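Novice: Numbering (my numbering), first residue to last: 3 to 274.
Cβ coordinates follow ideal geometry from the N, Cα and C atoms, glycine included.
Since the model is a prediction, treat every value here as computed from it, not as a measurement.
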């Protein structure tokens, strides 16, 4: 990498600083409230006024901070080039199949590093909402993908794609995305999702494609939690575990091939 490449913001260290700054803004208020709520049975952490003020304020600050540091136009920082929406079909298939084998990975991680009960209690509250599943849908499937993609596949990937080779840019993007979630028990899943979305950004150069891919993943997770009993009665989940894993590996591999074909087709059209 030459010095000319390094002038683009952010490099890996710049991106790590941005992520840490965002986490710091969130946790300086959230962490003390979470501990207080846990030991006193209160609900200060989920106070609507606090969530709106802190959520909107921190997001606007981070996006503005990243935009000013990047010294580029909005359309370059958050590209919206035309892409074939059919690419979302193999992306969905991959995410569905990945849930099967990533469950095994997460169980292995948990066997070596058991999560404390309070952690899962806080994690479950992510999906709790006064508006029921529709409130969870708004928070997890719409708001979270928009915010996180503007930061990770917008500001951060803008710099990574210019400073590093594509594979390194994808890896660094996935790594920071996984670390950002502060959940070692789901690190494999978030790292894989981050890498996939980084690849989608490179293929499509469209921030909305990344937001949609992220939303699909979160929707699948939400449905698996809300309708776990109903889903477990599908014929696929009545198969032996090894058979489920073999099928999921096959579907995941086929999905990646299809995504790669979309990427190759796009490059061919650009060259033509």
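Going by C-alpha distance, which of 207, 202 and 228 is nearest residue 216?
Specialist: Position 214 of the chain shown, counted from the first residue, corresponds to residue 216. Residue 202 is the option with its Cα nearest to residue 216.
Novice: Which residue wins for smallest C-alpha separation from residue 250, given the options 53, 101 and 73?
Specialist: On the chain shown, residue 250 is found 248 positions in, with the first residue counted as 1. Looking at the Cα atoms, 101 is the closest of the given residues.
Novice: Between which residues of its own chain and residue 147 is the CB-CB distance below 7 Å, once the five residues before and five after are set aside?
Specialist: As a position in the chain shown, residue 147 is number 145, starting the count at 1. Result list for residue 147: 213, 216, 217 and 220, in chain order.
Novice: For residue 161 versus residue 13, is the C-beta distance shorter than 8 Å?
Specialist: Looking up residue 161 in the chain shown gives position 159. Looking up residue 13 in the chain shown gives position 11. Closer than 8 Å, so yes.
Novice: Tell me whether the beta-carbon of residue 95 lies closer than 8 Å to the beta-carbon of residue 223.
Specialist: By 1-based counting over the chain shown, the position of residue 95 is 93. By 1-based counting over the chain shown, the position of residue 223 is 221. Result no, Cβ atoms of residue 95 and residue 223 do not sit closer than 8 Å.
Novice: Using a Cβ distance threshold of 8 Å, determine whether the stretch 167 to 185 contacts the stretch 194 to 208, with at least three qualifying pairs required.
Specialist: Touching, yes.
Novice: Looking at residue 75: is its Cβ nearer than 8 Å to the Cβ of residue 27?
Specialist: Within the chain shown, residue 75 is the residue found at index 73, counting from 1. Within the chain shown, residue 27 is the residue found at index 25, counting from 1. In this structure, residue 27 does not lie closer than 8 Å to residue 75 by Cβ.
Novice: Quick one: using the 10 Å Cβ neighbour count with 16 as the cut-off for buried, is residue 141 buried or exposed?
Specialist: Position 139 of the chain shown, counted from the first residue, corresponds to residue 141. Buried, because 16 or more other Cβ atoms sit within 10 Å of the Cβ of residue 141.
Novice: Decide yes or no for the touch test of the stretch 67 to 82 against the stretch 148 to 157: beta carbon pairs closer than 8 Å, at least 3 of them.
Specialist: Flag = yes, the stretch 67 to 82 and the stretch 148 to 157 touch.
Novice: Excluding the 5 residues preceding and the 5 following residue 80 in the sequence, name in chain order all residues of the same chain whose CB lies nearer than 7 Å to its CB.
Specialist: Here residue 80 corresponds to residue number 78 of the chain shown, with the count starting at 1. Within the same chain, residue 80 has close Cβ partners 152, 156 and 209.
Novice: Which of the three DSSP states is assigned to residue 208 in this structure?
Specialist: The residue given as residue 208 occupies position 206 in the chain shown. DSSP places residue 208 in strand when its eight states are reduced to three.
Novice: So which of 107, 119 and 51 has the shortest CA-CA distance to residue 41?
Specialist: In the chain shown, counting from the first residue as 1, residue 41 sits at position 39. For the residues 107, 119 and 51, the minimum Cα distance to residue 41 belongs to 119.
Novice: Give me, in chain order, the residues of the same chain whose beta-carbon lies closer than 8 Å to that of residue 233; leave out the 5 immediate sequence neighbours on both sides.
Specialist: Here residue 233 corresponds to residue number 231 of the chain shown, with the count starting at 1. Result list for residue 233: 225, 226 and 239, in chain order.
Novice: Could you spell out where the alpha helix (DSSP H) holding residue 139 opens and where it closes?
Specialist: Taking the chain shown and counting its residues from 1, one reaches residue 139 at position 137. Per DSSP, residue 139 belongs to the alpha helix (DSSP H) from 135 to 139.
Novice: Judging by CA-CA distance, which residue of 257, 97, 39 and 45 is the nearest neighbour of residue 193?
Specialist: Counted from its first residue, the chain shown places residue 193 at position 191. Out of 257, 97, 39 and 45, 97 has the C-alpha closest to the C-alpha of residue 193.
Novice: Give the straight-line distance between the Cα atoms of residue 116 and residue 33, rounded to the nearest whole angstrom.
Specialist: On the chain shown, residue 116 is found 114 positions in, with the first residue counted as 1. On the chain shown, residue 33 is found 31 positions in, with the first residue counted as 1. Roughly 21 Å separates the two Cα atoms.
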